[in-house]
Every structure is written in C-alpha cells, then in structure tokens.
C-alpha cells in the first residue's frame, strides 16, 4: 500500500527577538523535531525518518512557511533513500517541498542527501516563494545508487520565485528513462554524487559575485537577481558535502563582511 503524507512547519517571531514554531506537524514517515539551534534568535527543526520511504507509489510532501522577520533552519537526521518497493498502478514516488520566506525572514533549508537506490523511481519537486527582502540558503544533494549498485530513475526540479518573479527553474534527470547523455562527459562524467547550493540575499544587489570555478568539479554562477548558484559533482557523498560546505562558508563569511561594511 502506498503512503500519502504531508508534514507542515510554520515559523514566526516570538515577540522576544526569537522565533516560535506555531505549527510543527509530522505525518507518515516525516517526523519533525524541534532541536537546539546554534544561532540565537533562530529556530531549528530536524526531519527524522520514521519509516523506510519513499517507495515507488508513495506521495510525500513538506510545507514550510517562515513569516516576516522569523529565522529558521531545517535539517535532517539521515539521508533519504528512494527504494523500489511495490508500485501503485505503475506510479513513481513523489516528494514535494513547498517553501515560503517572508520579508526580512531567513530560511536555511539543509536536508541530508537523497539516495536513488537501484530500481527506485522518484520525482522530486522543490518550490520556493521568496519575498524581496527574504534570505535563503538551500542545499540539495543527489547520490546515484548505493555503494556498488546502479542508480534508480530520478528527476528533480527546483523552482524559486523572488518577489513574484522567476529566479531559478532547473530540472535534472538521471538513470533509466532520462535523456541520453546524463552520464556523459558534459554532465556527470562518471561521477555519482551531484549537488546544488543556492544562496539568495539582498546584499548581492549591491555586490554581485562573478562567475567562477570552485575547483575542478564545481562552479559558482550568479543568477539574474540577488542570488548565486553553486553546482558540483563528486565521486561520492562525502566529497560532495565537503565542496558544498566550503562554498557555503565562503559565501556566508563574505556576506557578513559586506554587511559590516568591510
């Protein structure tokens, strides 16, 4: 039997300079836990997998809303593994994430890796609505197959709108059924881990960053708005995380220097 579940998070100012969580609603395999934040004034939620999912035919969703002035970090306790499982009327599994970030609000969306196990079929969609003065740090990582196995079928799409206008719309497809060349020299070149790091911040309007390489398998690309996108491939999940973490630290440290006037 397939699973249909939607977990919900809402964050808002608590009136004391911090962030409250008036809505924290777990569902199905998506268990949400409030955890200790390292940053004063910022709430933190960790997604804990309560069962094996998604299986083919499952439909999972997370809705996250950060209202004006609130600050929230969402991470995960472990990787998400897309598994074959029984199909429901031939359906793929779906995993949909809908996020909104209000004026002066900040969201760090930092899940663990999504692993596409052999025989699985998953369609992942992440949609973000970002206010003009909202801030977003979003990381997505895909690992194509568990150790020593081929990848499953995986399609991911990331769309971000800022102040009602498109900022990013990117779709990637891997494995059986994907367009030819997905594993060729112009795309993955044999790598099995791929990731994206998006940082949107109003400070980039005054100090845009130039496009540049971040080592042999990663690149930083400025977007048509106050945002940058880091795209990377690597041989495995550990190496990929190292590349994206280093890029995130560099970008955030740079933003802090700009905001201090230095």
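Residue numbers (the numbering used here): 607 to 868.
Yeah, the Cβ is synthetic: ideal placement off N, Cα and C, and Gly gets one too.
Host alpha helix (DSSP H) of residue i (start-end)
i	result
residue 727	Looking at the DSSP string, residue 727 is not in any alpha helix (DSSP H); the run it does join, the beta strand (DSSP E), is 727 to 736.
residue 852	843 to 865
Residue interval of the beta strand (DSSP E) (run including residue i)
i	result
residue 804	799 to 806
residue 838	833 to 840
residue 681	677 to 682
residue 665	665 to 672
residue 707	699 to 707
residue 686	686 to 688
residue 748	741 to 750
residue 608	Element bounds for residue 608: n/a, residue is neither H nor E.
residue 722	720 to 722
Separation of residue j from residue i, as counted between CA atoms
i	j	result
residue 816	residue 807	15 angstroms
residue 652	residue 669	14 angstroms
residue 629	residue 775	28 angstroms
residue 831	residue 812	11 angstroms
residue 804	residue 697	30 angstroms
residue 851	residue 726	28 angstroms
residue 547	residue 646	Residue coverage of the chain in this structure runs from 607 to 868, which leaves residue 547 outside it and unanswerable.
residue 826	residue 655	32 angstroms
residue 622	residue 761	42 angstroms
residue 636	residue 672	19 angstroms
residue 800	residue 634	28 angstroms
residue 855	residue 866	17 angstroms
residue 756	residue 780	11 angstroms
residue 754	residue 847	20 angstroms
residue 778	residue 844	21 angstroms
residue 822	residue 860	22 angstroms
residue 771	residue 615	24 angstroms
residue 568	residue 699	Since the first residue shown for the chain is 607 and the last is 868, residue 568 is missing from the structure and cannot be characterised.
Assigned exposure category for residue i - 16 Cβ within 10 Å defines buried
i	result
residue 857	buried
residue 751	buried
residue 764	buried
residue 802	buried
residue 691	buried
residue 819	exposed
residue 610	exposed
residue 824	buried
residue 853	buried
residue 769	exposed
residue 795	exposed
Contacting residues, own chain, Cβ-Cβ under 6 angstroms from residue i (five flanking each side not counted)
i	result
residue 632	613 and 638
residue 694	The predicted position of residue 694 is uncertain, since its pLDDT is 45 and thus under 50; no value can be drawn from it.
residue 716	681 and 745
residue 676	617, 618, 619, 625 and 711
residue 735	706 and 767
residue 782	759
residue 704	669 and 733
residue 862	none
Beta-carbon proximity list for residue i, same chain, < 7 angstroms, skipping 5 on both sides
i	result
residue 701	660, 666, 728 and 730
residue 798	749, 750, 751, 841 and 842
residue 793	787
residue 864	809 and 813
residue 674	708, 709, 710 and 711
residue 868	Bear in mind that a pLDDT of 49 at residue 868, under 50, signals an unreliable position, so the model cannot answer this.
Contacts around residue i, its chain only, beta-carbon distance under 8 angstroms, and the 5 residues preceding and following it disregarded
i	result
residue 773	736, 766, 767, 806, 829, 830, 831 and 833
residue 649	617, 624, 625, 626, 627, 640, 643, 676, 677, 678 and 679
residue 718	681, 682, 683, 684, 685, 686 and 747
Q | Validate contact between the region 745 to 764 and the region 714 to 724 using beta carbons, cut 8 angstroms, 3 pairs | A | yes
Margin query: Quick check: the region 733 to 746 against the region 701 to 716, are at least 3 beta-carbon pairs closer than 8 angstroms?
Written below: Because the criterion of three Cβ pairs below 8 angstroms is met, the region 701 to 716 and the region 733 to 746 touch.
Contact between the region 782 to 794 and the region 829 to 836: three or more CB pairs below 8 angstroms? no
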